[in-house]
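Worksheet for the structure shown next.
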Amino acid sequence: MPCRTSRRASTRVPATSSDRDREENPGARRCWTEFFAIALVTPVEHADKASAHFAITVHKSAGPGIDYKSGTHNEHLLDPTKQPTGDFWQSDNRENPDFNSGSVATTERQRLEAGLAAAAAHPGQFNRDEATAPAAKHKLEALIPIKIDGFASAEGDPGHNTDLSRRRAEYVAGILRATGMRQPLAITPHGAVGSPNDAANRRVDVVVDTAFETTYSSNRYSVSEHEFGHMLGMPDEYANATSGPLAGVQTKYDALVTSAGLQATTYGQNTSSQMSAGVDVLPRHYVTLWEALGKMTAPTLTQADWSLTT
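Below is the structure:
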């Protein structure tokens with residue numbers, strides 16, 4: 031049986047069987063306790079167009095702006111006998127520093143709100159005089175500010191209640207930071223509110239800032255980077271295809287994504303993802319390389335022996 035592997039290390043651990051052991055026992059297998067494969071993809075020109083993986087035509091741009099004309103035609107994803115083609119324009123090989131920034135910020139804010147709502151993170155309620163309560167883990171791409179408002183019920187000393195509401199808010203903020211949340215967190219202690227002994231006011235509200243998206247102008251996007259993602263087998267994510275060739279490509283791609291243990295793609299939104307409207311390369315963007323690795327190492331190492339780490 032092949033040795034199962036862990037993908038947490040970046041170096042190969044020496045074989046447990048020495049060369050001498052293998053000479054004495056030819057049937058002995060080389061075994062690694064940890065192995066981490068790093069994909070290095072380098073485009074190489076091929077003199078014979080018919081033998082190339084992709085037939086790419088490069089066009090000179092008049093300038094000075096970005097053409098947004100580049101595109102790939104992944105014919106092979108639906109018919110493996112066809113050669114995929116593409117047209118790349120010179121001006122598209124650079125990043126736009128402000129591409130659909132407002133739309134992307136709105137979508138990312140909505141995704142963040144959905145994640146908080148699904149985890150029941152707002153509001154978080156506390157028992158009397160408690161400053162701790164369960165909080166959920168959230169990791170999203172956009173640096174959208176989050177407001178954390180602490181409250182207390184109205185009985186007792188006002189100064190104590192103000193401090194208590196602050197400590198409650200700081201506790202929730204601390205857990206969110208500890209889980210890797212990168213968003214700026216704004217803490218506001220409101221002290222006592224409402225009627226005395228009202229448990230509903232012993233809480234922390236987590237609210238996503240909506241003003242951010244009205245001024246955000248830093249969403250980066252590169253046409254050529256996006257199109258190269260297509261060359262690696264990724265479909266467009268900004269479109270939600272329900273019929274036609276793209277729908278078939280998205281369905282097959284999502285089947286591969288879920289088989290790798292990753293969450294299926296959400297289509298039809300302008301997000302910061304490289305295959306939507308941004309430059310974020312996400313774990314699911316490596317699944318075609320993961321699939322290729324499994325095929326390259328079979329049958330010694332099967333697809334199930336490999337996993338994607340984040």
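Heads up: the sequence shown begins at 31 in my numbering, then just goes up one per residue. Backbone N, C-alpha and C define an ideal beta-carbon position, used for all residues, glycine too. Keep in mind the model is a prediction, meaning the values are calculated, not measured.
C-alpha gap between V223 and D235, whole angstroms: Here the alpha carbons of D235 and V223 stand approximately 13 Å from one another.
Collapsed DSSP secondary structure at H76 in the structure displayed: Coil, per DSSP.
Of the residues P110, T115, G298, the one placed nearest V88, counting alpha carbons only: Here the closest residue by C-alpha is T115.
Sub-7 Å separation of S131 and S247 beta-carbons: Yes, they are a contact pair.
Reduced DSSP category for L323 - H, G, I as helix; E, B as strand; rest coil: Here L323 sits in helix by DSSP.
Endpoints, the alpha helix (DSSP H) within which I205 is located: DSSP places I205 in the uninterrupted alpha helix (DSSP H) bounded by 188-208.
Distance between beta carbons of I217 and A203, contact taken as under 8 Å: That pair is a contact at about 6 Å.
Inter-residue Cα distance where the pair is H256 and T327: Roughly 29 Å separates the two Cα atoms.
DSSP state of T330 mapped onto helix, strand, coil: Coil.
Nonlocal neighbours in the same chain, by C-beta distance under 7 Å from D310, ignoring five residues either side: Closer than 7 Å at Cβ, skipping near neighbours: E171, S302, S303, Q304.
Runs of alpha helix (DSSP H) lying entirely within the segment 112-141, each at least 4 residues, in chain order: Here no run is fully enclosed.
Given T295 as reference, the closest of A322, E267, R196 once Cα atoms are compared: With distances taken between Cα atoms, T295 lies closest to E267.
Three-way DSSP call (helix, strand, coil) for D235 in this model: In the structure shown, D235 sits in a strand (DSSP, three-state: E or B).
Contact under 7 Å by Cβ, R12 with S183: Since the displayed the chain opens at 31 and closes at 340, residue 12 lies outside it and no answer follows.
Segment contact, 8 Å Cβ cut-off, at least three pairs: the segment 308-324 with the segment 270-279: Counting Cβ pairs under 8 Å, fewer than three are found: no touch.
Strand pairing of I217, partner residues [DSSP]: Residue pairing of I217 in beta bridges, as defined by DSSP: I178.
Alpha carbon of R141 to alpha carbon of N227, nearest angstrom: Cα-Cα distance, rounded: 35 Å.
Cβ shell of P265 (< 6 Å), same chain only, five flanking positions each side left out: Same-chain partners within the cutoff: V279, Q280, Y283.
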